[in-house]
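The sequence shown begins at -1 in my numbering and counts up one residue at a time.
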Amino acid sequence: MTKQSASKAAFTVSTLEFMRELVQNNNREWFQANRPRYESAKAELCGVTERVLMGLSPFEPLANTSVKDCIFRINRDIRFSKDKAPYKSNLAFAIGPGGRHSGRIDYYVHIQPDNQSFLGAGMWQPTPANLAKFRQEIDYNVQELKDIIEADEFKTYFPEASGEVMKTSPKGYPADHPEIDLLRRKELFFLHRYSDKDVLKPNFADEIVRGCRIIKPYCDLLNYLFFDEKEEPVSL
-1 MTKQSASKAA
9 FTVSTLEFMR
19 ELVQNNNREW
29 FQANRPRYES
39 AKAELCGVTE
49 RVLMGLSPFE
59 PLANTSVKDC
69 IFRINRDIRF
79 SKDKAPYKSN
89 LAFAIGPGGR
99 HSGRIDYYVH
109 IQPDNQSFLG
119 AGMWQPTPAN
129 LAKFRQEIDY
139 NVQELKDIIE
149 ADEFKTYFPE
159 ASGEVMKTSP
169 KGYPADHPEI
179 DLLRRKELFF
189 LHRYSDKDVL
199 KPNFADEIVR
209 GCRIIKPYCD
219 LLNYLFFDEK
229 EEPVSL
């Protein structure tokens, strides 16, 4: 870690105040007038991201993954949005091989004032093919998934399961299937929320690493199902 990033490897009250004021003044004129405050907030985001990358390196293959690959721009894409506010109300980074565009299941960190920050990971907006693989795994071998997400440490740290759930049974599965609650899920994304007090702690990056370590088995299972599992040859 560089000296500059080491000194910025934590969030400060000033960053949360800047983000809070940005929500009330979400326009280019105000942002440009307050750009030095944004640059300071971005430096803190980069410092925390770098520290998380270092903390993950013993158990995640993240070679050649840089901070700039992981952090999200604060500018919103407003081309197809009715909301024309030019800036996001949060700071964020995602860590996977190669950064936020890894294409795999990664770790997402969202920083937003007023106790809206969180670490999240899991199945979010899967392709139809990947959702089918997930449901097939539930049908054939649900115990591996349940051993992960029903473990005491996991449930304590990630008490909140987010994502779309079907009101009816998915095609091909009976309504009385013993795992129908899991089968109805179109997304299964787990969250750990952080208070502003948590975000401002000097060891906040280490706490994120702890959360990533806890949810890693779930991410590994999804990555195996979606990307790494070899198709069995068809017997003729």
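Cβ coordinates follow ideal geometry from the N, Cα and C atoms, glycine included. Bear in mind the structure is a predicted one, so any value in this text is a computation, not a measurement.
Residues bridged to residue i [DSSP beta-bridge criterion]
| i | result |
| --- | --- |
| residue 183 | 163 |
| residue 121 | 186 |
| residue 73 | 85 |
| residue 177 | Residue 177 pairs with nothing; no bridge assigned. |
| residue 115 | 192 |
| residue 106 | 92 and 118 |
| residue 205 | According to DSSP, which records beta bridges pairwise, residue 205 is partnered with nothing at all. |
| residue 158 | 189 |
Contacting residues, own chain, Cβ-Cβ under 6 angstroms from residue i (five flanking each side not counted)
| i | result |
| --- | --- |
| residue 4 | The predicted position of residue 4 is uncertain, since its pLDDT is 46 and thus under 50; no value can be drawn from it. |
| residue 144 | none |
| residue 16 | 35 and 39 |
| residue 223 | 131 and 135 |
| residue 100 | 94 |
Beta-carbon proximity list for residue i, same chain, < 7 angstroms, skipping 5 on both sides
| i | result |
| --- | --- |
| residue 0 | With a pLDDT of 49 at residue 0, under the threshold of 50, the modelled position of that residue is not reliable, and the figure given next carries that caveat. Correct list: empty, nothing qualifies. |
| residue 71 | none |
| residue 107 | 90, 91, 117 and 206 |
| residue 2 | In this predicted model, residue 2 has a pLDDT of only 45, less than 50, meaning its place in the structure is not dependable; the value taken from the coordinates is given anyway. Nothing meets the Cβ criterion. |
| residue 53 | 203, 204 and 207 |
Proximal residues to residue i (C-beta, below 8 angstroms), its chain only, five neighbours per side dropped
| i | result |
| --- | --- |
| residue 214 | 57 and 58 |
| residue 226 | none |
| residue 198 | 8, 9, 10, 11 and 14 |
| residue 200 | 8 |
| residue 87 | 17, 20, 21, 24 and 110 |
Residue from the options with nearest C-alpha to residue i
| i | options | result |
| --- | --- | --- |
| residue 164 | 175, 201 and 185 | 185 |
| residue 69 | 188, 51 and 28 | 51 |
| residue 43 | 210, 203 and 82 | 203 |
| residue 30 | 85, 67 and 148 | 85 |
| residue 166 | 103, 181, 216 and 108 | 181 |
| residue 220 | 133, 45, 80 and 55 | 133 |
Does the region 91 to 104 come close enough to the region 55 to 74 that 3 or more CB-CB pairs lie under 8 angstroms?
Touching, yes, given that three or more Cβ pairs across the two stretches are closer than 8 angstroms.
Is there contact here, the region 111 to 120 with the region 183 to 196, by at least three beta-carbon pairs under 8 angstroms?
Short answer: they touch.
Which parts of the region 0 to 41 are runs of the alpha helix (DSSP H), unbroken and 4 residues or longer, counting only runs that do not cross its ends?
The qualifying runs are 1 to 5, 11 to 22 and 26 to 31.
Contact between the region 123 to 137 and the region 150 to 157 (3+ Cβ pairs under 8 angstroms)
No: the two stretches stay apart, fewer than three of their Cβ pairs being nearer than 8 angstroms.
Three or more C-beta pairs under 8 angstroms: does that hold for the region 162 to 181 against the region 132 to 140?
Contact between the region 162 to 181 and the region 132 to 140 is present, because at least three Cβ pairs lie under 8 angstroms.
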